[in-house]
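Protein chains in written order, with UniProt numbering: chain G, 1 to 328; chain C, 1 to 328; chain V, 1 to 210; chain U, 1 to 210.
We put the CB at the ideal spot given by N, CA and C, even for glycine.
Worksheet: one structure, shown below.
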Amino acid sequence: MNKLINDPAGVVADALRGIAAAHPDLRVDHEQRLVVRGDAPVRGKVGLVSGGGSGHEPLHAGFVGPGMLDAACAGEIFTSPVPDQMVAATRAVDGGAGVLHIVKNYTGDVMNFEMAAELAETEVVAVVVDDDVAVQDSLYTAGRRGVGVTVLLEKITGAAADQGRPLTEVAAVARRVNENGRSMGVALTSCTVPAAGRPTFDLPGGEMELGIGIHGEPGRRRVPLAPAAEVAEMLVTPILADLDFTGGGVIAFVNGMGATPLIELYVMFNEVAAILEKAGVAVARALVGPYITSLDMAGCSVTLLRADDEILSLWDAPVRTPALRWGA
Amino acid sequence: MNKLINDPAGVVADALRGIAAAHPDLRVDHEQRLVVRGDAPVRGKVGLVSGGGSGHEPLHAGFVGPGMLDAACAGEIFTSPVPDQMVAATRAVDGGAGVLHIVKNYTGDVMNFEMAAELAETEVVAVVVDDDVAVQDSLYTAGRRGVGVTVLLEKITGAAADQGRPLTEVAAVARRVNENGRSMGVALTSCTVPAAGRPTFDLPGGEMELGIGIHGEPGRRRVPLAPAAEVAEMLVTPILADLDFTGGGVIAFVNGMGATPLIELYVMFNEVAAILEKAGVAVARALVGPYITSLDMAGCSVTLLRADDEILSLWDAPVRTPALRWGA
Amino acid sequence: MGGPELAAWLREFARLVAANKDLLTALDAAIGDADHGTNLDRGMQAVVKVLDAEEFDTPAAVLKRTGMTLVSTVGGASGPLYGTAFLRMSTALGEEQSVDAPAFAKALRAALDGVVARGKAAPGDKTMVDALQPAVDALDAQLAAGQFLAGALQEAVRAAEQGRAATAPLVARKGRASYLGERSAGHEDPGAASVTLLLAAAATALPGEA
Amino acid sequence: MGGPELAAWLREFARLVAANKDLLTALDAAIGDADHGTNLDRGMQAVVKVLDAEEFDTPAAVLKRTGMTLVSTVGGASGPLYGTAFLRMSTALGEEQSVDAPAFAKALRAALDGVVARGKAAPGDKTMVDALQPAVDALDAQLAAGQFLAGALQEAVRAAEQGRAATAPLVARKGRASYLGERSAGHEDPGAASVTLLLAAAATALPGEA
Ligand SMILES: Nc1ncnc2c1ncn2[C@@H]1O[C@H](COP(=O)(O)OP(=O)(O)O)[C@@H](O)[C@H]1O
Ligand SMILES: Nc1ncnc2c1ncn2[C@@H]1O[C@H](COP(=O)(O)OP(=O)(O)O)[C@@H](O)[C@H]1O
Ligand SMILES: [Mg+2]
Ligand SMILES: [Mg+2]
Ligand SMILES: [Mg+2]
Ligand SMILES: [Mg+2]
Chain G
1 MNKLINDPAG VVADALRGIA AAHPDLRVDH EQRLVVRGDA PVRGKVGLVS
51 GGGSGHEPLH AGFVGPGMLD AACAGEIFTS PVPDQMVAAT RAVDGGAGVL
101 HIVKNYTGDV MNFEMAAELA ETEVVAVVVD DDVAVQDSLY TAGRRGVGVT
151 VLLEKITGAA ADQGRPLTEV AAVARRVNEN GRSMGVALTS CTVPAAGRPT
201 FDLPGGEMEL GIGIHGEPGR RRVPLAPAAE VAEMLVTPIL ADLDFTGGGV
251 IAFVNGMGAT PLIELYVMFN EVAAILEKAG VAVARALVGP YITSLDMAGC
301 SVTLLRADDE ILSLWDAPVR TPALRWGA
Chain C
1 MNKLINDPAG VVADALRGIA AAHPDLRVDH EQRLVVRGDA PVRGKVGLVS
51 GGGSGHEPLH AGFVGPGMLD AACAGEIFTS PVPDQMVAAT RAVDGGAGVL
101 HIVKNYTGDV MNFEMAAELA ETEVVAVVVD DDVAVQDSLY TAGRRGVGVT
151 VLLEKITGAA ADQGRPLTEV AAVARRVNEN GRSMGVALTS CTVPAAGRPT
201 FDLPGGEMEL GIGIHGEPGR RRVPLAPAAE VAEMLVTPIL ADLDFTGGGV
251 IAFVNGMGAT PLIELYVMFN EVAAILEKAG VAVARALVGP YITSLDMAGC
301 SVTLLRADDE ILSLWDAPVR TPALRWGA
Chain V
1 MGGPELAAWL REFARLVAAN KDLLTALDAA IGDADHGTNL DRGMQAVVKV
51 LDAEEFDTPA AVLKRTGMTL VSTVGGASGP LYGTAFLRMS TALGEEQSVD
101 APAFAKALRA ALDGVVARGK AAPGDKTMVD ALQPAVDALD AQLAAGQFLA
151 GALQEAVRAA EQGRAATAPL VARKGRASYL GERSAGHEDP GAASVTLLLA
201 AAATALPGEA
Chain U
1 MGGPELAAWL REFARLVAAN KDLLTALDAA IGDADHGTNL DRGMQAVVKV
51 LDAEEFDTPA AVLKRTGMTL VSTVGGASGP LYGTAFLRMS TALGEEQSVD
101 APAFAKALRA ALDGVVARGK AAPGDKTMVD ALQPAVDALD AQLAAGQFLA
151 GALQEAVRAA EQGRAATAPL VARKGRASYL GERSAGHEDP GAASVTLLLA
201 AAATALPGEA
């Protein structure tokens with residue numbers, strides 16, 4: 001296992017110490033494993049809390065700061081945090097205007113956040129992100145997984161909260177983002193969970209796993225490696241089939257899964273942009289980089305979000321976090 | 001070869017098209033392989049040009065924009081660009097105050113930039129970055145390689161140029177950054193050059209290559225894999241032995257080589273910060289992420305830069321590029 | 001029976017979970033993420049520590065602390081599910097100092113209702129509900145037919161075992177296993193297996209004539 | 001001789017580089033980055049295209065376009081070095097329409113001076129200088145001793161070959177190979193090998209009595 005770590009059991013704690021050392025603007029609660037805005041709670045502002053299993057960095061801790069999340073809870077690698085963490089985070093960011101929980105749709109995350117909301121003793125609204133078109137038959141499953149849209153949603157909803165909007169409106173923005181966004185991913189290698197010490201799945205040379213989640217779950221199907229242009233087709237086609245993206249612009253997001261270098265993500269973005277152009281979908285904004293990862297998995301995901309003027313202006317609003325920062 | 005690419009020979013061209021599609025603020029000259037600020041040349045401002053072989057993304061194209069580079073020239077993977085590109089870049093950014101060339105110290109890069117300066121027909125000053133303490137006996141070699149300091153230097157010098165300082169002063173700032181910064185890197189895997197199709201060097205399981213450059217060059221020595229705390233010692237100790245970093249703060253930069261996920265870089269940052277604290281070196285600013293990479297190499301490098309108030313205020317100044325952005 | 005008997009039940013459950021930890025994890029490896037045994041064992045070890053360290057005023061208090069401890073230490077899907085189950089049992093018992101067989105059965109049904117409310121699984125979705133529901137039904141039926149608790153619990157264990165075995169051919173519709181679709185068939189559900197241990201612990205540890 | 005003869009020399013050099021491309025690259029793989037053959041072949045193919053397509057007023061013009069083309073297409077270390085060599089030769093020839101043996105030798109020394117000025121390598125640093133310098137010296141000495149160009153060039157080739165072979169045991173102090181330190185010893189320098197081809201092409205293609 002080629003990893004820059006100490007004890008596999010201590011990876012999350014060590015990384016949180018690194019985050020604390022690198023980002024003095026943020027407050028890190030090492031016992032509860034929270035990363036909180038240094039100036040939280042912000043009086044009168046809706047507090048934004050997210051969190052989930054670790055291993056997806058910069059998500060979520062890297063998105064804590066003005067204009068985005070107020071707090072992030074870090075679970076063990078690929079394991080939902082427990083309600084105590086979420087309750088502590090909720091209290092830490094409650095500025096009197098209520099708290100929004102941003103929850104990726106995995107059974108464990110959903111239920112733990114639900115319990116936290118019940119225990120929180122403040123007004124909490126939860127929004128569940130479920131954008132992964134790779135999950136078919138979502139009526140007969142735990143539903144679509146929350147993946148790439150989470151990043152865009154945290155940014156956009158953070159901007160809405162920053163404007164001082166009330167909780168119901170902030171939650172409505174979040175839901176609107178979720179409804180208008182779709183994602184699909186591909187893995188060229190498995191990831192290796194540190195505690196396990198070996199790859200989660202075997203991927204023979206020359207093959208890739210299409211429709212993966214962000215925890216090394218198997219995908220829709222295994223297919224031969226293909227040129228970037230074809231991979232882009234395999235990712236974008238099911239997204240466009242699922243939702244009508246024509247008319248109006250999109251935020252196009254090509255995400256790296258952790259071990260794929262930026263040069264390849266730009267090669268992919270070029271192909272995605274070409275497909276969108278042919279499909280009559282205008283790219284209004286772009287995001288390219290590793291923002292929601294799966295440890296050391298090689299691969300990428302594509303996320304498209306229908307973006308009207310309101311969403312674009314929220315996207316463009318200032319943000320100041322370790323991983324997304326502009327205008328501030 | 002598990003890569004998201006089309007034809008290996010077309011990777012650089014494809015990635016430049018992706019950069020153009022993702023960043024409409026930038027002007028991409030696909031024939032000369034240049035990425036230029038959309039509003040270049042900026043009247044009265046010293047123009048900043050850098051460039052080098054591709055495969056180190058986001059370096060350099062990802063650092064083009066207000067507050068940093070005015071243009072970047074992209075060579076083939078790991079191959080210096082040719083003078084024509086640099087001349088074209090120099091012309092494109094010449095706002096009447098002269099142009100600074102930022103050159104990483106590799107024989108090819110240095111000579112091609114030298115010829116470009118001779119051909120440019122405008123006032124050009126070149127600054128060569130050579131911060132890699134892994135190269136010993138630099139009197140008997142082509143000298144130390146330019147690695148991590150390049151990123152910090154481009155940001156800081158970009159801010160100095162933005163203040164309207166004259167070329168000699170901007171160049172002096174760049175030289176001061178180079179003199180005050182040192183780096184050292186480690187590889188846990190080789191990288192694979194697309195055209196070659198197989199790893200540049202063999203690294204048996206359980207070993208790592210200490211003191212690598214950014215082109216898959218072999219390092220100082222091969223050592224057994226070690227916990228992050230020990231790896232941090234191996235990287236920081238030679239840096240601290242080479243230059244006195246005590247008294248005054250440093251900008252501490254933990255860089256990913258391309259395939260190492262952020263969670264590991266934060267684990268490393270934690271260890272680096274602990275070593276610095278023991279050594280009496282204060283971390284004034286931190287940068288953690290993949291900023292100067294070596295294709296899909298797993299590993300990291302540590303860069304330390306002695307930073308006085310002037311350097312810190314230039315570091316903090318607004319910057320607006322694809323890969324580094326704040327305050328703008 | 002009172003708090004000490006319930007505590008004995010929980011200790012026995014903890015023992016069974018520890019003994020079957022690898023088995024539970026192996027079941028989860030086949031159709032989930034290979035952590036159910038680890039998760040539940042971590043939680044029940046924490047519960048045993050709490051039982052060792054604290055005093056409880058009522059039987060309900062024992063179950064409440066158990067539920068809270070599981071919620072705080074397990075995470076994933078099974079943390080909230082097991083936690084809710086014990087918290088609902090606790091609420092069902094109220095302030096009574098003594099728990100008789102009908103009260104226990106009522107509490108166990110409350111646990112089932114809590115799991116269903118929390119996880120929204122229907123029978124046949126290939127979850128712990130597929131073992132818990134038949135067990136609760138069997139317990140009620142046996143007690144209604146005049147059985148003592150011991151015999152009724154033995155029937156409940158048998159019903160849970162049958163329910164657990166019956167999950168094998170099912171295609172999962174809830175939890176992580178559901179992403180596998182058809183590939184989830186052919187393996188028993190790990191949560192159904194751990195719930196069967198919970199019933200077995202009750203049959204062993206609870207006083208037969210309560 | 002005039003422009004056409006110089007063009008013939010360059011075409012012969014291009015042919016030799018193409019024929020020895022893999023050898024040059026293999027030498028570079030051992031102590032560099034495995035691209036010297038590819039680099040130089042790309043450049044000389046471009047030069048041949050230019051020679052095919054354009055007309056030149058003077059011998060100097062042929063060499064100037066050659067140098068510029070190499071600079072624009074080769075990149076890396078050898079692009080500026082070979083480019084500078086040809087540009088300096090061109091300058092040395094001036095506006096003359098005809099090049100005699102002493103003029104050619106003077107131009108070749110200018111090329112050497114250009115390479116040294118550009119790359120700052122000293123003899124023994126394990127670079128192309130280690131083949132070029134003895135060749136230039138031999139050419140001068142032979143002409144001074146009254147040799148015709150043909151014989152003088154043959155001596156120059158022999159000197160280059162000896163210089164190339166002598167690079168093998170050296171530890172590189174310039175270019176990429178220098179990072180290898182002691183590990184660079186035991187391999188011939190790729191640039192010294194390609195320079196030897198340049199001399200060989202001259203001996204073959206230039207008129208013997210100029
Ligand atoms: N919605 C649900 N309702 C009831 N039980 C569920 C549900 N989702 C999952 N489970 C149960 O949880 C078990 C898995 O628990 P565990 O492995 O600890 O959590 P996770 O799936 O988060 O890793 C499954 O075997 C199943 O019995
Ligand atoms: N400073 C220098 N002076 C003279 N020749 C040099 C110098 N540096 C490198 N060379 C020559 O260049 C050759 C390598 O050329 P090439 O492989 O094309 O470039 P790169 O090293 O950039 O890949 C070396 O074999 C050596 O002969
Ligand atoms: Mg599990
Ligand atoms: Mg789990
Ligand atoms: Mg080379
Ligand atoms: Mg090269």
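Over what stretch of residues does the alpha helix (DSSP H) that includes residue 54 (chain G) continue unbroken? Element bounds for residue 54 (chain G): not the alpha helix (DSSP H) but the beta strand (DSSP E), 47-54.
When DSSP labels each residue in this structure, what does residue 29 (chain G) get in the three-state scheme? strand
Give the straight-line distance between the Cα atoms of residue 5 (chain G) and residue 305 (chain G), rounded to the nearest whole angstrom. 36 Å
Among C:203, C:150, C:70, which has the Cα closest to the Cα of residue 218 (chain C)? C:203
Below 8 Å on the Cβ atoms is my contact criterion, and I expect residue 79 (chain G) with residue 49 (chain G) to pass it. Report the Cβ-Cβ distance as a whole number of Å. With a Cβ gap of about 18 Å, residue 79 (chain G) and residue 49 (chain G) do not count as contacting.
Residue 133 (chain V) versus residue 296 (chain G): straight-line alpha-carbon distance, rounded: 41 Å
Alpha carbons only, please: which of U:27, U:92, U:73 is nearest the one belonging to residue 85 (chain C)? U:73
In this structure, how does DSSP classify residue 370 (chain G) when only helix, strand and coil are distinguished? Lying before the first or after the last residue shown, residue 370 (chain G) is absent from chain G, which here runs from 1 to 328.
By a C-beta neighbour count over all protein chains shown, 10 Å radius and 16 as the cutoff for buried, is residue 30 (chain G) buried or exposed? exposed
Spatially closest choice to residue 175 (chain V) from V:189, V:165, V:163, by CA coordinates: V:189
Check residue 56 (chain V) in the structure and name its three-state DSSP category. coil
Starting from the Cα of residue 307 (chain C), find the closest Cα among C:153, C:73, C:61, C:141 and give me that residue. C:153
Relative to the C-alpha of residue 7 (chain V), which candidate in V:86, V:80, V:146, V:23 has its C-alpha closest? V:86
Cβ-heavy atom distance, residue 37 (chain U) to ligand 6, below 7 Å: no
Residue(s) in a DSSP beta bridge with residue 182 (chain G): G:304
Note down the Cα distance separating residue 68 (chain G) from residue 35 (chain G), rounded to an integer number of angstroms. 13 Å
Report all residues from its chain with a CB closer than 7 Å to the CB of residue 197 (chain U); omit the five preceding and five following residues, and keep chain order. 13, 16, 17, 20
Return the CA-CA distance between residue 310 (chain G) and residue 63 (chain G), expressed in angstroms with no decimal places. 21 Å
With 16 other CB atoms within 10 Å as the buried threshold, where does residue 104 (chain G) fall? buried
Within the continuous alpha helix (DSSP H) that includes residue 104 (chain C), where are the two ends? Taken as a continuous stretch (DSSP letters only), residue 104 (chain C) belongs to no alpha helix (DSSP H), being part of the beta strand (DSSP E) at 99-104.
Flag this pair as yes or no: are the beta carbons of residue 256 (chain G) and residue 300 (chain G) separated by less than 8 Å? yes
Of the residues G:77, G:13, G:46, G:52, which one's Cα is nearest the Cα of residue 161 (chain G)? G:46
Looking at chain V, is there any beta carbon in it that lies within less than 8 Å of the beta carbon of residue 90 (chain G)? no
What residue range is occupied by the uninterrupted beta strand (DSSP E) comprising residue 286 (chain G)? 282-289
Between the stretch 13-22 of chain C and the stretch 37-44 of chain C, are three or more C-beta pairs nearer than 8 Å? no
Is residue 129 (chain V) near ligand 1, with its Cβ less than 7 Å from a heavy atom? yes
Alpha carbon to alpha carbon, how far is residue 312 (chain C) from residue 82 (chain U)? 43 Å
Closer than 8 Å is the cut-off here; do at least three beta carbon pairs connect the stretch 120-131 of chain U with the stretch 92-110 of chain U? no
Ignore the nearest five residues each way along the sequence and tell me which others in residue 116 (chain G)'s own chain have a CB closer than 6 Å to its CB. 83, 86, 87
Under three-state DSSP, which class holds residue 73 (chain V)? helix
Please classify residue 98 (chain V) as buried or exposed, where buried requires at least 16 other C-beta atoms within 10 Å of its C-beta. exposed
Go through the stretch 150-179 of chain C residue by residue and report every complete run of the beta strand (DSSP E) that reaches 3 residues or more, in order. none
Is it the case that the CB of residue 21 (chain V) approaches a heavy atom of ligand 1 more closely than 7 Å? no
Near residue 71 (chain V), which residues of its chain fall below 7 Å by C-beta distance, leaving aside the five closest residues on each side in sequence? 79, 80, 83
Three or more C-beta pairs under 8 Å: does that hold for the stretch 235-244 of chain G against the stretch 178-194 of chain G? yes
Would the C-beta of residue 176 (chain V) count as close to ligand 3, meaning under 7 Å from any of its heavy atoms? yes
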